[in-house]
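Comments concern the structure below.
Chains as they are written, first to last, in our numbering: chain A, 658 to 931; chain B, 529 to 835.
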């Protein structure tokens, strides 16, 4: 082996350890008995314990894992369904229906991606307050029904790759536009729809500011909000915190290992998460 | 308008109707509303009262406003270039012939999908000056430096120190650059091999090849990540809200969007917060325009032309 490749390998290995270490630390801290947790220098060998993890399932725990998980999954399921269906419908209107004003609205949509959410935050809050939706899940779920510019853009690009002839053949057979969209384009676009679903799920799972603004009652907290409130408590229990953090992260990591290809595709197609 | 055209218009509007409703109801109207609020005093409980440019004048004299602006600028200027550099370096390494390359790629990418709240909670513990592993790792280094006579250094207190709290958040942000790295990696794969072969024939060093072949060839994606990174960094919120309890120590991590949030939802100064939101919007617009203008001529588009 020449010197170059050895150096490359050494550098990559060293950097990967730096990136990996917080995960190791997270798992170790979640499994460390309390008396080892606050030792200096940190101890790397200890009898692992599940007390912190199990503590999150106790009825008096300030972090109600099961409850928060159910809330989060409810919001996620609603959001993913809404985002996928609405974005696909709109994307079809941008990709395969020719109508005056289409391109204008499309470019307007692209331009709005730059507007910071803070600009709309206060009036939208007042609107939801007026509707009596504070402390309900509606403010987190209903906006998904209007699609999302990133997803619409992504699906439009994908729909454009569906051959025109195919659509025209279906039209000649007497199918209306809705049938062409639903029966021809949608089944051919399952991979792209899966990417949208995945990113929508991640967005809803990770969202913090919306639950923070709209959810007041502890029984309605999502995992993000619950974890943040747990961390903000007067007396911080690091073992439990790390266990909660690990429990919130694990599903995402597992999801990643099953959907690596979609993850990479999605990032390449939209550049989000960058 | 012929019947056919009318039919197409209705059909198009039907398909985009979800977005159109959202666009008007959750974008255009709220933007107009917050624009109007920014000229009023509004505490949610009483109807807004018109105060003209009062909010903007008061912001000019608000010490915390300027502090939050400074903190955000500091964070943005450090975290965006640093994150891009690290992502670029990792992508370069991963584009080489490596044993177990997919494993390394996964390791570098994974942190970017960790929920931000979970990451923030974890890093509070990493940064803990008494029990965190970061200072445990830094201690030997500090001891080594302290051997030089007249010098005595100890690891910083990170989140408890007004000096080090912002750099700590920058450091944490670098951990999550996996998405950017994936973009760069994809772009590197698209650079034609022949360009490197030609450079080899000319006897170019590895560094010169990066400087004169790689960077120009992937400049569009560098530009894209720069713009997106700036926009995201200017809106930094969650980390500070969780890790430094709303801007501590002192006001050293009071970022712009944090102060905006406090004004809106803790002090119920909705008019004031709306003014801040519009200033943020204007800033993002101006900064993006400047970036477009300045970097525009350095970007190489293979098709020949910028759109």
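Ideal Cβ placement from N, Cα and C applies to all residues, glycine included.
Contacts that residue i makes with chain A (C-beta to C-beta distance below 9 Å)
{"i": "residue 625 of chain B", "result": "662 and 665"}
{"i": "residue 763 of chain B", "result": "773, 774 and 775"}
{"i": "residue 498 of chain B", "result": "With chain B represented from 529 up to 835, any question about residue 498 of chain B goes unanswered, as that position is not in the structure."}
First and last residue of the uninterrupted alpha helix (DSSP H) at residue i
{"i": "residue 494 of chain B", "result": "Limits of chain B in this structure are 529 at one end and 835 at the other, which puts residue 494 of chain B out of reach."}
{"i": "residue 725 of chain B", "result": "721–729"}
{"i": "residue 638 of chain B", "result": "Run containing residue 638 of chain B: none; DSSP gives neither H nor E here."}
{"i": "residue 482 of chain B", "result": "This structure cannot settle anything about residue 482 of chain B, because the visible part of chain B is limited to 529 through 835."}
{"i": "residue 787 of chain A", "result": "775–787"}
{"i": "residue 724 of chain A", "result": "722–752"}
{"i": "residue 709 of chain A", "result": "708–712"}
{"i": "residue 767 of chain B", "result": "766–771"}
{"i": "residue 737 of chain B", "result": "734–737"}
{"i": "residue 897 of chain A", "result": "895–915"}
{"i": "residue 819 of chain B", "result": "798–823"}
{"i": "residue 883 of chain A", "result": "880–888"}
{"i": "residue 759 of chain A", "result": "759–769"}
{"i": "residue 689 of chain B", "result": "Note, residue 689 of chain B: premise wrong, no alpha helix (DSSP H); not H, not E."}
{"i": "residue 692 of chain A", "result": "691–694"}
{"i": "residue 529 of chain B", "result": "Careful: residue 529 of chain B lies outside any alpha helix (DSSP H) and carries neither H nor E."}
{"i": "residue 671 of chain B", "result": "661–674"}
Under 7 Å from the C-beta of residue i: neighbouring residues of chain B
{"i": "residue 759 of chain A", "result": "540"}
{"i": "residue 843 of chain A", "result": "Correct list: empty, because the minimum Cβ distance to chain B is about 13 Å."}
{"i": "residue 895 of chain A", "result": "653"}
{"i": "residue 749 of chain A", "result": "543"}
{"i": "residue 669 of chain A", "result": "621, 626 and 632"}
{"i": "residue 834 of chain A", "result": "539"}
Residue i versus residue j - alpha carbon distance
{"i": "residue 512 of chain B", "j": "residue 586 of chain B", "result": "This structure leaves residue 512 of chain B out entirely; chain B is present only between 529 and 835."}
{"i": "residue 685 of chain A", "j": "residue 708 of chain B", "result": "28 Å"}
{"i": "residue 835 of chain A", "j": "residue 541 of chain B", "result": "13 Å"}
{"i": "residue 614 of chain B", "j": "residue 650 of chain B", "result": "21 Å"}
{"i": "residue 689 of chain A", "j": "residue 857 of chain A", "result": "34 Å"}
{"i": "residue 620 of chain B", "j": "residue 716 of chain B", "result": "8 Å"}
{"i": "residue 711 of chain B", "j": "residue 625 of chain B", "result": "19 Å"}
{"i": "residue 806 of chain A", "j": "residue 546 of chain B", "result": "11 Å"}
{"i": "residue 632 of chain B", "j": "residue 710 of chain A", "result": "29 Å"}
{"i": "residue 722 of chain B", "j": "residue 743 of chain B", "result": "16 Å"}
{"i": "residue 885 of chain A", "j": "residue 628 of chain B", "result": "37 Å"}
{"i": "residue 474 of chain B", "j": "residue 685 of chain B", "result": "There is simply no residue 474 of chain B to check, as chain B begins at 529 and stops at 835 in what is shown."}
{"i": "residue 734 of chain A", "j": "residue 799 of chain A", "result": "12 Å"}
{"i": "residue 930 of chain A", "j": "residue 795 of chain A", "result": "At residue 930 of chain A the pLDDT is 42, less than 50, meaning the model places this residue with poor confidence; the figure from the coordinates comes in the next sentence. If you take the alpha carbons of residue 930 of chain A and residue 795 of chain A, they lie about 25 Å apart."}
{"i": "residue 790 of chain B", "j": "residue 783 of chain B", "result": "11 Å"}
{"i": "residue 851 of chain A", "j": "residue 892 of chain A", "result": "42 Å"}
{"i": "residue 804 of chain A", "j": "residue 814 of chain B", "result": "28 Å"}
{"i": "residue 733 of chain B", "j": "residue 740 of chain B", "result": "10 Å"}
{"i": "residue 918 of chain A", "j": "residue 796 of chain B", "result": "45 Å"}
{"i": "residue 792 of chain A", "j": "residue 889 of chain A", "result": "20 Å"}
{"i": "residue 808 of chain A", "j": "residue 925 of chain A", "result": "13 Å"}
{"i": "residue 755 of chain A", "j": "residue 862 of chain A", "result": "36 Å"}
{"i": "residue 667 of chain B", "j": "residue 679 of chain B", "result": "14 Å"}
{"i": "residue 675 of chain B", "j": "residue 596 of chain B", "result": "39 Å"}
Partners in chain B for residue i, counting only beta-carbon separations shorter than 9 Å
{"i": "residue 792 of chain A", "result": "Those do not exist, as residue 792 of chain A stays about 14 Å from chain B at its closest Cβ, beyond 9 Å."}
{"i": "residue 944 of chain A", "result": "Residue 944 of chain A is absent from the model: chain A starts at 658 and stops at 931."}
{"i": "residue 789 of chain A", "result": "Ordered by position in chain B, no residue passes the 9 Å Cβ test against residue 789 of chain A, which lies about 15 Å from the chain."}
{"i": "residue 831 of chain A", "result": "Neighbours of residue 831 of chain A on chain B: none; closest Cβ ~16 Å, over 9 Å."}
{"i": "residue 800 of chain A", "result": "550 and 554"}
Bridge partners - residue i, DSSP secondary structure assignment
{"i": "residue 568 of chain B", "result": "B/578"}
7 Å Cβ cut-off: residues of chain A touching residue i
{"i": "residue 536 of chain B", "result": "754, 755 and 756"}
{"i": "residue 561 of chain B", "result": "780"}
{"i": "residue 802 of chain B", "result": "779"}
{"i": "residue 793 of chain B", "result": "870"}
{"i": "residue 609 of chain B", "result": "What residue 609 of chain B touches in chain A: nothing, since even the nearest Cβ is about 14 Å away."}
{"i": "residue 658 of chain B", "result": "697"}
Whole-number beta carbon distance between residue j and residue i, since they are thought to touch under 8 Å
{"i": "residue 897 of chain A", "j": "residue 720 of chain A", "result": "7 Å"}
{"i": "residue 647 of chain B", "j": "residue 704 of chain B", "result": "7 Å"}
{"i": "residue 806 of chain B", "j": "residue 776 of chain A", "result": "7 Å"}
{"i": "residue 827 of chain A", "j": "residue 819 of chain A", "result": "Residue 827 of chain A to residue 819 of chain A, Cβ: 11 Å. No contact."}
{"i": "residue 743 of chain A", "j": "residue 672 of chain A", "result": "No, residue 743 of chain A and residue 672 of chain A are not in contact; Cβ-Cβ is about 41 Å, not under 8 Å."}
{"i": "residue 555 of chain B", "j": "residue 769 of chain A", "result": "6 Å"}
{"i": "residue 697 of chain A", "j": "residue 658 of chain B", "result": "6 Å"}
{"i": "residue 969 of chain A", "j": "residue 824 of chain A", "result": "Not covered by the structure: residue 969 of chain A. The range shown for chain A is 658 to 931."}
{"i": "residue 764 of chain B", "j": "residue 819 of chain B", "result": "18 Å between Cβ atoms; not a contact."}
{"i": "residue 696 of chain B", "j": "residue 780 of chain B", "result": "Going by Cβ atoms, the distance from residue 696 of chain B to residue 780 of chain B rounds to 10 Å, so no, they are not a contact pair."}
Near the ligand GTP: residue i beta-carbon under 7 Å from a heavy atom
{"i": "residue 792 of chain A", "result": "Among the components modelled here there is no ligand, and therefore nothing to report on the ligand GTP."}
Beta-carbon neighbours of residue i, restricted to chain A and to distances below 8 Å
{"i": "residue 603 of chain B", "result": "Correct list: empty, because the minimum Cβ distance to chain A is about 16 Å."}
{"i": "residue 497 of chain B", "result": "Since the first residue shown for chain B is 529 and the last is 835, residue 497 of chain B is missing from the structure and cannot be characterised."}
Partner residues on chain B for residue i, Cβ-Cβ distance less than 8 Å
{"i": "residue 769 of chain A", "result": "551 and 555"}
{"i": "residue 839 of chain A", "result": "Residues of chain B passing the Cβ test: none, with the nearest at roughly 11 Å."}
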